[in-house]
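**Student:** Supplied in structure tokens, the structure appears directly below.
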Amino acid sequence: MINRQLTNPQSIVVVGGSNDITKPGGKVLKNLLDGKYAGKLYVTNIKEDEVQGIKSYKDINDLPEVELAIIAIAARYTFDAVRVLTEDKNTRAFLILSAGFSEVSEEGKEYERLVLNQINKHSAALIGPNCIGMCTPEYQGVFTEPIPKLDKNGCDLISASGATACYIMESGLQKGLSFARVISLGNSAQMGVEEMVRFMDETFDENKPKIKLLYIENIKKPRMLLKHAASLIRKGCKIAAIKAGSSEAGSRAASSHTGALASSDEAVNALFRKAGIIRCDHREELIAVASVFMHPKLDGKNMAIITHAGGPAVMLTDALSNGGLKVPHISGKTASALLEKLHPGSSVGNPIDFLATGTAEQLGTIIDTVNNEFHNINGIVVIFGTPGLFKIHDVYDVLHKKMKNSPKPIFPVLPSTLTANEEVEAFLEKGRINFPDEVILGKALAKVYTNPPPSLSESMEYKIDTDAIRTIMDKTRAGYITPVEIQGLLDAAGITRAKEFVVGTREEALAAAEEIEYPLVMKVVGPVHKSDVGGVVLNIADDANMLAEFERMIKIKDTTGILMQPMLKGIELFVGAKFEPNFGHMILCGLGGIYIEVLKDVQSGLVPISMREAKDMINRLKGVKILNGVRGQEGIDKKKFAEMIVRTSMLVSAAGSIAEMDLNPLLATHNKVVAVDARIRIEKSE
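Its first residue numbered 1, the sequence shown is counted upward by one per residue in my numbering.
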């Protein structure tokens with residue numbers, strides 16, 4: 001629980017405070033003093049009478065009541081200190097900096113359990129153990145550097161790793177990124193990133209920081225994170241996160257296509273998309289995304305690149321284009337007039353290259369022209385470094401002034417951070433942010449622009465027979481269920497399927513063939529991978545061929561019957577479902593048949609899936625052009641494909657014990673989508 005004593009304590013004790021500022025207990029005390037903490041500050045140290053000018057209590061029992069304890073003593077002594085503080089000193093908040101707990105050994109795990117139970121018993125708040133602490137406007141309770149100059153308009157940084165928090169700050173501050181609060185959670189014994197995001201959501205107002213940066217190692221409460229991150233974003237916040245520790249590359253459940261393709265890491269991607277969180281792969285990308293957040297929002301995808309160096313502009317163009325933004329060609333009378341104002345050899349086609357000899361005055365002219373004349377341009381990137389022949393303060397001064405009044409966002413790429421360090425620092429001191437690497441900027445811009453908003457809890461457009469689904473599920477056993485049970489579930493969910501019969505005798509096969517009509521398809525029931533054992537036959541045209549295949553197929557090992565269906569045509573699609581512990585059900589979609597195995601062109605989403613989300617999943621597929629129709633081939637009804645995704649989401653919501661489900665293939669035409677084959681595996685608790 002997060003309480004007032006943690007966020008705004010009126011008194012703090014550093015347990016294990018030291019005169020040696022190379023130790024955590026010494027450095028955290030120095031940081032509190034340097035930060036001019038306004039409350040009462042106490043220290044305990046069994047060997048000292050005074051620590052850094054503050055009276056030291058050698059016996060913790062002699063302390064007065066104190067609201068927050070910052071603990072920097074060995075793990076084995078921590079429980080005794082916590083017990084005294086909670087029971088006798090009314091302490092209701094703890095930052096435990098000490099290591100040696102669950103991260104190192106079973107013994108440490110037991111220390112952590114005892115401490116946590118004691119703190120929880122007294123309804124107190126705990127950050128840590130094994131963390132660097134918290135740095136907020138109220139107090140600088142960290143033992144590390146850098147200590148940022150906090151800015152209420154900066155970023156909130158919440159990190160599971162103290163070292164990572166330091167590295168993010170160190171790199172970000174050098175680029176001009178500012179921070180509002182920094183919170184390191186360490187082992188997250190009581191509170192993780194999810195609880196901090198919930199707290200920031202529940203206490204949010206317009207005066208609070210609107211940019212949240214997260215470094216996450218474990219997501220223990222994904223639904224909490226989803227709910228409160230989405231809520232913050234709807235309130236006007238922006239969130240970017242690194243989720244470290246991808247799951248194993250191999251399949252954990254290769255018995256189905258869905259099981260082979262779904263993973264915990266893909267569940268994280270689905271969660272972040274649903275919440276509206278931008279996922280970053282590394283620290284520099286997180287810093288770049290945060291820095292883009294700090295600039296005005298792009299209201300379109302067309303970018304102008306202004307440069308005096310050709311190579312970086314080409315690389316930036318590639319990064320923007322590959323990410324879904326555009327660098328459109330610029331031409332016409334205005335472009336020609338602009339070219340006349342630049343040195344010979346310049347070009348204005350976009351990138352606008354005004355050469356290494358370009359001046360500050362020319363830069364200002366180009367920016368004004370892009371803003372006032374090139375109305376199809378939505379944003380500007382300015383790339384300007386130096387070979388070190390002369391100072392370029394005037395260039396960066398012009399850039400700063402133009403950025404103040406530009407109706408279009410301007411993103412500065414100042415790559416000469418060593419050669420032009422003096423000029424870059426002067427630019428940053430004006431409150432500006434630098435993007436020293438143009439490709440990282442390009443990718444960050446694309447991620448921010450293309451990131452979808454949080455998914456709303458839309459009412460479903462379709463009705464399903466929930467009672468019928470639950471009746472069937474009550475009767476099923478764990479494992480792969482029968483075709484008859486599958487048919488019942490699909491019908492109850494309104495999932496259109498091919499007419500089919502399961503037969504076990506020649507007589508039943510003849511009757512089914514007469515009902516279905518030729519041509520038809522026959523598939524074995526029982527073996528998991530039917531094609532691998534010769535258990536699928538297509539285009540059966542008459543009774544003689546059908547009966548011959550029946551006699552052959554019924555003898556295939558593990559076969560319990562033969563499934564007979566009409567022979568249908570269309571583009572093969574795939575929809576699957578997989579239950580991921582903690583996250584709930586994931587829905588996957590893509591091209592079906594053998595393409596699901598070869599191309600692995602799959603998109604996923606977390607249940608419940610709305611029509612908007614389903615359509616977004618389809619449009620993110622690399623093969624979406626096939627679905628739209630190419631080279632004279634008719635496209636499919638994408639709305640009906642999206643309906644299949646939504647109905648599958650509704651089915652697994654109603655039938656929670658579905659562990660895996662494949663609809664593969666679905667056959668799609670311009671006016672219908674039909675499930676031809678389905679497989680469902682059930683898991684039931686004992």
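For every residue, glycine included, the Cβ atom is placed at its ideal position computed from N, Cα and C. Quick caveat, the model's predicted, so the values are computed rather than measured.
Considering just the uninterrupted stretch of the beta strand (DSSP E) at Asn664, what are its terminal residues?
**Tutor:** Counting from one through the sequence shown, the residue named residue 664 turns up at place 664. It spans 658 to 668 - the beta strand (DSSP E) in which Asn664 sits, taken as one unbroken run.
**Student:** Where DSSP assigns a beta bridge to Asn302, which residues make up the other side?
**Tutor:** Taking the sequence shown and counting its residues from 1, one reaches residue 302 at position 302. Answer by DSSP bridge pairing, in chain order: Lys326.
**Student:** Along the chain, where does the beta strand (DSSP E) containing Ile56 start, and where does it finish?
**Tutor:** If you number the sequence shown from 1, residue 56 lands on position 56. Note on identity: in this sequence residue 56 is Ser, with Ile being the wrong assignment. First-last of the beta strand (DSSP E) with Ser56: 54 to 57.
**Student:** Enumerate, from N- to C-terminal direction, the unbroken beta strand (DSSP E) stretches of 3 or more residues contained entirely within the stretch 304 to 388.
**Tutor:** If we require 3 residues or more, the beta strand (DSSP E) runs fully inside the stretch 304 to 388 come out as 379 to 383.
**Student:** Identify, in the order they occur along the chain, each residue of the same chain with its Cβ nearer than 8 Å to the Cβ of Lys109, setting aside the five sequence neighbours on each side.
**Tutor:** As a working mapping, residue 109 is identified with position 109 in the sequence shown. Result list for Lys109: Phe101, Ser102, in chain order.
**Student:** Provide the residue span of the alpha helix (DSSP H) that contains Pro483, from first to last.
**Tutor:** For this step, residue 483 is matched to residue 483 along the sequence shown. Pro483 -> alpha helix (DSSP H) spans 483 to 492.
**Student:** Among Asp353, Glu285, Glu266, which residue has its Cα nearest to the Cα of Lys305?
**Tutor:** As a first step, residue 305 must be located in the sequence shown, where it is residue number 305. At residue 305 the sequence reads Ile, which differs from the Lys that was named. Minimum Cα distance to Ile305 is reached at Asp353.
**Student:** Quick one: grab the DSSP three-state call for Phe204.
**Tutor:** In the sequence shown, residue 204 corresponds to position 204, counting from 1. Three-state result, Phe204: coil.
**Student:** Taking all protein chains shown into account, do 16 or more other C-beta atoms lie within 10 angstroms of the C-beta of Thr136, making it buried, or fewer, making it exposed?
**Tutor:** The residue labelled residue 136 in the question sits at position 136 within the sequence shown. Counting Cβ neighbours within 10 Å, Thr136 comes out buried, since at least 16 surround it.
**Student:** Checking 8 Å against the spacing of the C-beta atoms, do Ala180 and Gly128 come in under that value?
**Tutor:** The residue labelled residue 180 in the question sits at position 180 within the sequence shown. The residue labelled residue 128 in the question sits at position 128 within the sequence shown. Cβ distance not < 8 Å, so Ala180 and Gly128 don't count as in contact.
**Student:** Near Val307, what residues of its chain come up, given a Cβ to Cβ distance below 6 Å and the 5 sequence neighbours on each side ignored?
**Tutor:** Numbered from its first residue, the sequence shown carries residue 307 at position 307. Reading off the sequence shown, one finds Thr at residue 307, where the question assumed Val. Once the five neighbours on either side are set aside, the close Cβ partners of Thr307 are Ala313, Pro351, Asp353, Ile383.
**Student:** Counting beta carbon pairs with one atom in the stretch 319 to 334 and one in the stretch 210 to 219, are three or more of them shorter than 8 Å?
**Tutor:** Judged by Cβ distances under 8 Å, the stretch 210 to 219 makes no contact with the stretch 319 to 334, as fewer than three pairs qualify.
**Student:** When the Cα of Val502 is compared with those of Ser455, Glu515, Gly561, which residue comes out closest?
**Tutor:** Within the sequence shown, numbered from 1, the residue matching residue 502 stands at position 502. Nearest C-alpha to Val502: Gly561.
**Student:** Measure the Cβ-Cβ separation of Val82 and Val104 and say whether it is below 8 Å.
**Tutor:** For the purposes of this step, residue 82 is identified with residue 82 of the sequence shown, where counting begins at 1. For the purposes of this step, residue 104 is identified with residue 104 of the sequence shown, where counting begins at 1. It is not a contact, given that the beta carbons lie outside the stated cut-off.
**Student:** Which complete alpha helix (DSSP H) runs does the stretch 128 to 169 hold, if anything under 4 residues is left out?
**Tutor:** The qualifying runs do not exist here; there are none.
**Student:** Please go through the stretch 517 to 557 and give each complete alpha helix (DSSP H) segment of 4 or more residues, from N-terminal end onward.
**Tutor:** You should have 543 to 553.
**Student:** Whose CA, out of Lys640, Lys27, Ala69, Leu232, lies closest to the CA of Tyr462?
**Tutor:** Taking the sequence shown and counting its residues from 1, the one referred to as residue 462 is at position 462. Considering only alpha carbons, the answer is Lys640.
**Student:** Terminal residues of the continuous alpha helix (DSSP H) containing His282?
**Tutor:** Within the sequence shown, residue 282 is the residue found at index 282, counting from 1. Element bounds for His282: n/a, residue is neither H nor E.
**Student:** By DSSP's criteria, His585 is part of a beta bridge. Which residues make up the other side?
**Tutor:** Here residue 585 refers to the residue found at position 585 of the sequence shown. Paired residue(s): Phe579.
**Student:** Using CA atoms only, rank isn't needed, just tell me which of Glu485, Gly310, Val327, Asp368 is closest to Ser346.
**Tutor:** Walking along the sequence shown from the start, residue 346 turns up at place 346. Here the closest residue by C-alpha is Gly310.
**Student:** For Glu515, which residues from the same chain have a beta carbon less than 8 Å from its beta carbon, with the 5 sequence-adjacent residues on both sides left out?
**Tutor:** Stepping through the sequence shown from its first residue, residue 515 is reached at position 515. If we look at Glu515 and ignore the five residues flanking it on each side, its Cβ neighbours are Lys499, Phe501.
**Student:** For Ser692, report the span of its beta strand (DSSP E) as first-last.
**Tutor:** Summary: the structure shown does not reach residue 692, with the chain confined to residues 1 through 686, and so no result is reported for it.
**Student:** Provide the residue span of the beta strand (DSSP E) that contains Gly236, from first to last.
**Tutor:** On the sequence shown, residue 236 is found 236 positions in, with the first residue counted as 1. Neither: Gly236 is in no beta strand (DSSP E) and is coded neither H nor E.
**Student:** So what does Tyr480 bridge to, in DSSP terms?
**Tutor:** As a first step, residue 480 must be located in the sequence shown, where it is residue number 480. According to DSSP, which records beta bridges pairwise, Tyr480 is partnered with Arg681.
**Student:** Is it buried or exposed, Gln450, if we count other Cβ atoms within 10 angstroms and call 16 or more buried?
**Tutor:** Position 450 of the sequence shown holds residue 450. The question names Gln, but residue 450 is Thr in the sequence shown. That one is exposed.
**Student:** Based on Cα-Cα distance, which residue from Glu195, Phe435, Ser531 lies nearest to Lys220?
**Tutor:** Counting from 1 along the sequence shown, the entry for residue 220 is found at position 220. The candidate whose alpha carbon is nearest that of Lys220 is Glu195.
**Student:** Does the beta-carbon distance from Asn434 to Lys175 come in below 8 Å?
**Tutor:** By one-based count along the sequence shown, residue 434 stands at place 434. By one-based count along the sequence shown, residue 175 stands at place 175. A contact, by the Cβ cut-off of 8 Å.
**Student:** Can the beta-carbon of Arg470 be found less than 8 Å from the beta-carbon of Ala659?
**Tutor:** Here residue 470 refers to the residue found at position 470 of the sequence shown. Here residue 659 refers to the residue found at position 659 of the sequence shown. No, Cβ-Cβ distance for Arg470 and Ala659 is not below 8 Å.
**Student:** Just confirm the distance between the C-beta atoms of Gly133 and Ile71, as a whole number of angstroms; I'd bet it's less than 8 Å.
**Tutor:** Position 133 of the sequence shown, counting from 1, holds the residue named residue 133. Position 71 of the sequence shown, counting from 1, holds the residue named residue 71. Not a contact, Cβ separation roughly 10 Å.
**Student:** How would you call Ala165, buried or exposed, if buried means at least 16 neighbouring beta carbons within 10 angstroms?
**Tutor:** Residue numbering aside, residue 165 sits at position 165 when the sequence shown is read from its first letter. With 16 or more Cβ atoms within 10 Å of its Cβ, Ala165 is classed as buried.
**Student:** Looking only at its own chain, which residues have a Cβ that is under 7 Å from the Cβ of Glu580, when we skip the five neighbours before and after it?
**Tutor:** For the purposes of this step, residue 580 is identified with residue 580 of the sequence shown, where counting begins at 1. So the list reads Ala262, Ser264, Ala267, Met586, once near-sequence residues are dropped.
**Student:** From Ile343 to Gly349, what does the alpha carbon distance come to, in whole angstroms?
**Tutor:** As a working mapping, residue 343 is identified with position 343 in the sequence shown. As a working mapping, residue 349 is identified with position 349 in the sequence shown. According to the sequence shown, residue 343 is His rather than Ile. If I take the Cα positions, the gap works out to 15 Å.
**Student:** Measuring straight from C-alpha to C-alpha, what distance separates Phe94 and Ile12?
**Tutor:** Position 94 of the sequence shown, counting from 1, holds the residue named residue 94. Position 12 of the sequence shown, counting from 1, holds the residue named residue 12. Rounded to whole angstroms, Phe94 to Ile12 spans 10 Å at the Cα level.
**Student:** Just the Cα atoms here: how many angstroms apart are Val43 and Asp80?
**Tutor:** Taking the first residue of the sequence shown as 1, we reach residue 43 at position 43. Taking the first residue of the sequence shown as 1, we reach residue 80 at position 80. Answer to the nearest angstrom: the Cα atoms are 16 Å apart.
**Student:** What is the rounded straight-line gap between the Cα of Leu173 and the Cα of Asn421?
**Tutor:** Numbered from 1 along the sequence shown, position 173 holds the residue referred to as residue 173. Numbered from 1 along the sequence shown, position 421 holds the residue referred to as residue 421. In a straight line, the C-alpha of Leu173 is about 14 Å away from that of Asn421.
**Student:** Please name the residue or residues paired with Gln565 in a DSSP beta bridge.
**Tutor:** Residue numbering aside, residue 565 sits at position 565 when the sequence shown is read from its first letter. DSSP lists Val521 as partners of Gln565.
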